[in-house]
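This report refers to the structure that appears directly beneath it.
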Amino acid sequence: MKLRISKSLGFTPEKSRIAAEFCLFCAEHLPVEGDFSIYMVSNRKHHSITTTAIYEVGNNVCKVYCKNRSLADCLRSIAHEMTHMMQDQMGLINGPVRDAGGFHEDQANAKAGELLKLFVNEKDNRVKLYEAKRS
37 MKLRISKSLG FTPEKSRIAA EFCLFCAEHL PVEGDFSIYM VSNRKHHSIT TTAIYEVGNN
97 VCKVYCKNRS LADCLRSIAH EMTHMMQDQM GLINGPVRDA GGFHEDQANA KAGELLKLFV
157 NEKDNRVKLY EAKRS
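Each number in our numbering comes from the position in the sequence shown (counting from 1) with 36 added on.
Structure (structure tokens):
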């Protein structure tokens with residue numbers, strides 16, 4: 037796994053550690069196999085992000101826009117895009133994925149919420165993720 041966090045986001049070492057732990061947690065629980073890259077960025081245009089996040093089909097690359105978003109929200113976006121990665125690895129993505137609704141999006145939305153809750157509940161001190169200030 038490669039996790040790249042834009043310096044301009046100003047993440048503390050603790051936030052960076054939590055993000056890395058969450059990416060590994062998702063990879064294990066989905067499961068996702070092989071090498072993958074996650075980019076947590078502050079510039080949408082530079083990374084071709086039109087909403088909050090994208091998954092590059094066939095590349096095992098997720099890019100998440102994190103400027104002025106809570107860490108919990110960014111992590112949920114990571115889990116959503118990593119669910120698309122799992123779908124891709126399983127051969128379930130054949131053509132474009134709808135922006136809203138449909139199998140791919142519904143599964144990714146549900147799985148993202150589930151993974152974040154499981155991650156937070158795994159250790160007592162993680163509940164503060166829900167109360168964290170925006171990056």
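We put the beta carbon where it would ideally sit given N, CA and C, even for glycine.
Values in this document were obtained by computation on a predicted structure and should not be read as measured data.
When the Cα of residue i is compared with those of the options, which residue comes out closest?
i, options, result
"D124", "E69, R112, F155", "E69"
"Y101", "F72, G149, N79", "N79"
"D109", "I85, L165, F47", "L165"
"M37", "A89, K159, F61, P49", "F61"
What's the C-alpha gap between residue i and residue j?
i, j, result
"R53", "L128", "31 Å"
"R162", "L111", "12 Å"
"F155", "H116", "14 Å"
"K51", "E57", "10 Å"
"K43", "K99", "15 Å"
"N145", "Y91", "14 Å"
"H83", "V77", "8 Å"
Grab me the residues of residue i's own chain with a C-beta within less than 8 Å of its C-beta, minus the 5 sequence neighbours each way, in chain order.
i, result
"H65", "L151, L154"
"Q143", "T119, Q123"
"M121", "L66, V68, F72, Y91, N96, C98"
Please name the residue or residues paired with residue i in a DSSP beta bridge.
i, result
"Y75", "R40, K99"
Looking at the secondary structure, which residues open and close the alpha helix (DSSP H) in which residue i lies?
i, result
"I54", "49-65"
"V156", "138-158"
In the DSSP assignment, the beta strand (DSSP E) including residue i goes from what residue to what residue?
i, result
"I90", "89-92"
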